[in-house]
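Peer 1: Converting from the sequence shown to the working numbering requires adding 1008 to each position, the first position being numbered 1.
If you scroll down you'll find the structure; I have some questions about it.
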Amino acid sequence: MFIKELRNYQKLEARKRFRREVAAYETLDHPGLPTLIEHNSEEWEDRNAPLYLVLECVTGEDLGRWTREHGPMSIEQAVACLARITEIVAYCH
């Protein structure tokens, strides 16, 4: 699991943005995105309540580690990676 906590939880604008982020996650269902497991963003109006969300943990190597271990990607690998990323971004928008 990945837990995100709102650091400046007493700032109203930050609380509103956090609620919008969770609302967006609630509408998304894509195999390339982590699943929203739990949150308490419905408490966004209570400035005394620290806000959090819990996402599915995505395992695997990050790009920096992968390139250190395997060297630069081939053009075919880079195109496939970028195509996957653009598919996910397009879905989100």
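The beta carbon of each residue, even a glycine, is placed where N, CA and C say it ideally should be.
Which residue wins for smallest C-alpha separation from lysine 1012, given the options Glu1046, His1038, Leu1041?
Peer 2: Comparing Cα-Cα distances from lysine 1012 to each of Glu1046, His1038, Leu1041, the minimum goes to Glu1046.
Peer 1: So, using beta-carbon positions, are leucine 1014 and leucine 1063 closer together than 7 Å?
Peer 2: Not a contact, by the Cβ cut-off of 7 Å.
Peer 1: In this structure, does DSSP put lysine 1024 in helix, strand or coil?
Peer 2: If DSSP states are grouped into helix, strand and coil, lysine 1024 belongs with the helices.
Peer 1: Are proline 1042 and valine 1066 closer than 7 Å when you measure CB to CB?
Peer 2: Against a cut-off of 7 Å, the Cβ pair of valine 1066 and proline 1042 comes out as a contact.
Peer 1: Give the straight-line distance between the Cα atoms of arginine 1055 and isoleucine 1083, rounded to the nearest whole angstrom.
Peer 2: Near 49 Å, if we compare the C-alpha coordinates of isoleucine 1083 and arginine 1055.
Peer 1: Apart from the five residues just before and just after lysine 1019, which ones in its own chain have a Cβ nearer than 7 Å to its Cβ?
Peer 2: So the list is empty, once near-sequence residues are dropped.
Peer 1: Where does the unbroken beta strand (DSSP E) through valine 1062 begin, and where does it stop?
Peer 2: Taken as a continuous stretch (DSSP letters only), the beta strand (DSSP E) holding valine 1062 covers 1060-1063.
Peer 1: Any idea what DSSP makes of leucine 1041, helix, strand or coil?
Peer 2: Correct three-state label for leucine 1041: coil.
Peer 1: Please state if the CB of alanine 1057 and the CB of glutamate 1051 are separated by a distance shorter than 7 Å.
Peer 2: Yes, the pair counts as a contact, with Cβ atoms nearer than the cut-off.
Peer 1: Between which two residues does the beta strand (DSSP E) carrying glutamate 1095 extend?
Peer 2: No beta strand (DSSP E) contains glutamate 1095, which is instead part of the alpha helix (DSSP H) from 1083-1100.
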